[in-house]
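Asks: One structure coming up, written as structure tokens, with questions to follow.
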């Protein structure tokens, strides 16, 4: 739906501009809404452990914080692109939030993947527990 | 014009700054709220689970203790009261055997004596099955060996037991629970699996003692065990599960990779808090 919306806007409204604030703004809102939906979904799921122990959490907050911080930049970018003061602010704000996003994505990459929770039968001393049976079976096969 | 433009630019700059700050604060607020809310929910769930586990543990221990006391009482009654009474009756009949002449009376009394002999033996067997004296006097290894010898004696299948490392015995209460679990497992194998071989292995690893039963009949795997446990029937499996819980151990039903035999592994910590 978003792709169709973007295509329609480019075709029928501003064909000459390379950057569309409306599309960027809608994209930000959509992604922020999806991030909030992810948190809501995690809160509903009672089987997960602490939310910040999962890799997905860090990826989601990286994008949530970046897009929240740059939302107003994108909205004003179309009209204020020629303003030197705006460009300076844009560089500062965008760079700061980009660094923050990269740090959070780095944290996500450094985390260990979650282990599945199941009884691990390889915790039993298999070799010792199976020796007699295997010997018995060999003897039985010989007889 | 420039002044107006400068004012407009300053205004937009202010909006931009405040808007960005607001959105950032909102994002951080959402994240912090989610984290703290989830921690609160998890803490509450853990507390409830702990309460439930404690309550269940108490109920299980009470239930099992009551069962064992009852069994001990019945065993004592049968062995101490019924046995000697029947033996005395047999002595009286023996007297009549000596003093009666007619052949028919002799024959019937002789038959009665045989029946009473069988009854005495049966009561002795019941008493031993309710509370095996070998377990109390000589320990789990002897009790299991004894049980397996009786199974072998029936000739229906080949049963062997081997304890590799049982120098440090479990406490008597633990041994009793383990014996009941293994006894129930073996009974189920005899009744339902049509197997030809049963083998019991014992081993120790760290703070845990392991018992593994192999058999070559029709068994069940862990998912089937859990499903049967949830059904209304299957009291034997429920008892196994209860006893494993009291022991704070684990039980696992498996089939080997080549699908030729089934194995049941029971893990018992040495220092369970009974």
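Chains as they are written, first to last, in our numbering: chain A, 1 to 143; chain B, 1 to 274.
The C-beta atom is built at its ideal place from N, Cα and C for all residues, glycine as well.
As the structure is a prediction and not an experimental result, all values here were calculated from the model.
Would you kindly work out how many angstroms separate the C-alpha atoms of residue 34 of chain A and residue 26 of chain B, rounded to a whole number?
Replies: 15 Å
Asks: If I'm right that residue 209 of chain B touches residue 185 of chain B with Cβ under 8 Å, what's the distance once you round it to whole angstroms?
Replies: Actually they are not in contact, since the Cβ atoms of residue 209 of chain B and residue 185 of chain B sit about 16 Å apart, beyond 8 Å.
Asks: At which residues does the beta strand (DSSP E) containing residue 212 of chain B begin and terminate?
Replies: 208-215
Asks: Which same chain residues, not among the five before or five after residue 31 of chain B, have their C-beta less than 6 Å away from its C-beta?
Replies: none
Asks: Among B:125, B:68, B:239, B:262, which residue has its Cα nearest to the Cα of residue 147 of chain B?
Replies: The shortest Cα separation from residue 147 of chain B among B:125, B:68, B:239, B:262 belongs to B:125.
Asks: What does DSSP give as the partner residues of residue 202 of chain B in its beta bridges?
Replies: B:163, B:211
Asks: How would you call residue 122 of chain A, buried or exposed, if buried means at least 16 neighbouring beta carbons within 10 angstroms?
Replies: Reliability of the predicted coordinates at residue 122 of chain A is poor, the pLDDT of 49 falling under 50, and no value is obtained from them.
Asks: For residue 207 of chain B, which residues in the same chain have their Cβ closer than 7 Å to its Cβ, ignoring the five residues on either side in sequence?
Replies: So the list reads 269, 270, 271, once near-sequence residues are dropped.
Asks: Closer than 8 Å by C-beta to residue 172 of chain B: which residues in its own chain qualify, once you throw out the five before and the five after it? Chain order, please.
Replies: 136
Asks: Given a cut-off of 7 Å, decide if residue 202 of chain B and residue 163 of chain B are closer than it, judged by their beta-carbon atoms.
Replies: yes
Asks: Helix, strand or coil for residue 263 of chain B per DSSP?
Replies: The three-state secondary structure of residue 263 of chain B, taken from DSSP, is strand.
Asks: Answer yes if the segment 127-135 of chain A comes into contact with the segment 91-110 of chain A, meaning at least three C-beta pairs across the two stretches below 8 Å, and no otherwise.
Replies: no
Asks: Below 8 Å on the Cβ atoms is my guess for residue 108 of chain A versus residue 62 of chain A; work out the distance and round it to an integer in Å.
Replies: 7 Å
Asks: I'd like to check one pair, residue 243 of chain B with residue 267 of chain B: are the Cβ atoms closer than 7 Å?
Replies: no
Asks: Return yes when the Cβ of residue 222 of chain B is within less than 7 Å of the Cβ of residue 252 of chain B, no when it is not.
Replies: Cβ distance < 7 Å, so residue 252 of chain B and residue 222 of chain B count as in contact.
Asks: Compute the Euclidean distance between the alpha carbons of residue 3 of chain A and residue 44 of chain B, then round it to the nearest angstrom.
Replies: 44 Å
Asks: From the DSSP output, in three-state form, read off residue 226 of chain B for me.
Replies: The DSSP-derived three-state label of residue 226 of chain B is helix.
Asks: To which residues of the same chain is residue 158 of chain B closer than 6 Å at the C-beta, ignoring the five residues directly before and after it?
Replies: 197
Asks: Using a Cβ cut-off of 7 Å (strictly closer), state whether residue 78 of chain B contacts chain A.
Replies: no
Asks: In the DSSP assignment, the beta strand (DSSP E) including residue 169 of chain B goes from what residue to what residue?
Replies: Where residue 169 of chain B is concerned, there is no enclosing beta strand (DSSP E), given that its DSSP letter is neither H nor E.
Asks: Below 7 Å between beta carbons: does that hold for residue 127 of chain B and residue 87 of chain B?
Replies: no
Asks: Could you say which of B:245, B:72, B:258 lies nearest to residue 56 of chain B if we only look at CA atoms?
Replies: Considering only alpha carbons, the answer is B:245.
Asks: Going along the chain, which residues of its own chain have a beta-carbon closer than 7 Å to the beta-carbon of residue 102 of chain B, five neighbours each way excluded?
Replies: If we look at residue 102 of chain B and ignore the five residues flanking it on each side, it has no Cβ neighbours.
Asks: Which bits of chain A does residue 39 of chain B rub up against, with CB to CB less than 8 Å?
Replies: 50
Asks: Measure the C-alpha to C-alpha separation of residue 37 of chain B and residue 44 of chain A and round it to an integer number of angstroms.
Replies: 11 Å
Asks: Thinking C-alpha only, which one of B:258, B:85, B:259, B:263 is nearest residue 225 of chain B?
Replies: Closest option to residue 225 of chain B, judged by alpha-carbon separation, among B:258, B:85, B:259, B:263: B:263.
Asks: Report, in whole angstroms, the separation of the C-beta atoms of residue 265 of chain B and residue 124 of chain A, which I expect to be a contact under 8 Å.
Replies: So it is a contact: roughly 5 Å between Cβ atoms.
Asks: Report the option in B:150, B:142, B:90, B:51 whose CA atom is closest to the CA atom of residue 167 of chain B.
Replies: B:142
Asks: DSSP three-state call for residue 158 of chain B: helix, strand or coil?
Replies: Residue state for residue 158 of chain B is assigned as strand, using DSSP reduced to three classes.
Asks: Please state if the CB of residue 155 of chain B and the CB of residue 193 of chain B are separated by a distance shorter than 7 Å.
Replies: no
Asks: Residue 268 of chain B bridges to which residues according to DSSP?
Replies: B:209.
Asks: How big is the Cα-Cα spacing for residue 178 of chain A and residue 10 of chain A?
Replies: Since the displayed chain A opens at 1 and closes at 143, residue 178 of chain A lies outside it and no answer follows.
Asks: Quick check: what's the CA-CA separation for residue 68 of chain A versus residue 238 of chain B?
Replies: 55 Å
Asks: Looking at chain B, is there any beta carbon in it that lies within less than 7 Å of the beta carbon of residue 110 of chain A?
Replies: no
Asks: If the cut is a Cβ gap below 9 Å, which residues of chain B does residue 6 of chain A touch?
Replies: Ordered by position in chain B, no residue passes the 9 Å Cβ test against residue 6 of chain A, which lies about 22 Å from the chain.
Asks: Based on the DSSP output, what are the partners of residue 252 of chain B in its beta bridges?
Replies: As DSSP reads the structure, residue 252 of chain B sits in a beta bridge with B:265.
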